[in-house]
Amino acid sequence: MHYVIHALDKPDALPIRLANYEAHKAYLAKATVKTVISGPLVADDGETMIGSCFVVEADSKDEVLAFHNADPFKAAGVWEHVHINPFLKRVDNR
């Protein structure tokens, strides 16, 4: 099943995000949960990172929660609000 992880950063989290980016990237590369697509959420200026969005594939929400809880961004306290929801993919125009 697919899940969406929508995570908004704490105010002024950008320096923490940048300091932990390499660890976050390395974690995603070796994680057992498959990341279908992911990237930073940005402010209206199109550049300032304000959060993260992932579409992942996993067997259960518990597996997604474990994946999220082990992310270096979570450990560093980057995110203020996180929502994880099941997602039904209907269209993929790639």
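In UniProt numbering, the protein residues as written are 1 to 94.
By construction, the Cβ of each residue, glycine as well, lies at the ideal position given by its N, Cα and C atoms.
Could you pull the start and end residues of the beta strand (DSSP E) that K34 belongs to?
Here the beta strand (DSSP E) through K34 covers K34 to V42.
For E57, the three-state DSSP class (helix, strand or coil):
Looking at E57 - three-state DSSP - the assignment turns out to be strand.
Can you tell me where the beta strand (DSSP E) holding A7 begins and where it ends?
If you look at A7, you'll find it in the beta strand (DSSP E) that goes H2 to D9.
Given that a residue counts as buried once 16 or more other Cβ atoms are within 10 Å of its Cβ, and exposed if not, what is V64?
Burial call: buried.
Please go through the same chain and pick out, in chain order, the residues whose beta-carbon is closer than 7 angstroms to the beta-carbon of residue 97, but skip the five residues on each side of it.
This structure cannot settle anything about residue 97, because the visible part of the chain is limited to 1 through 94.
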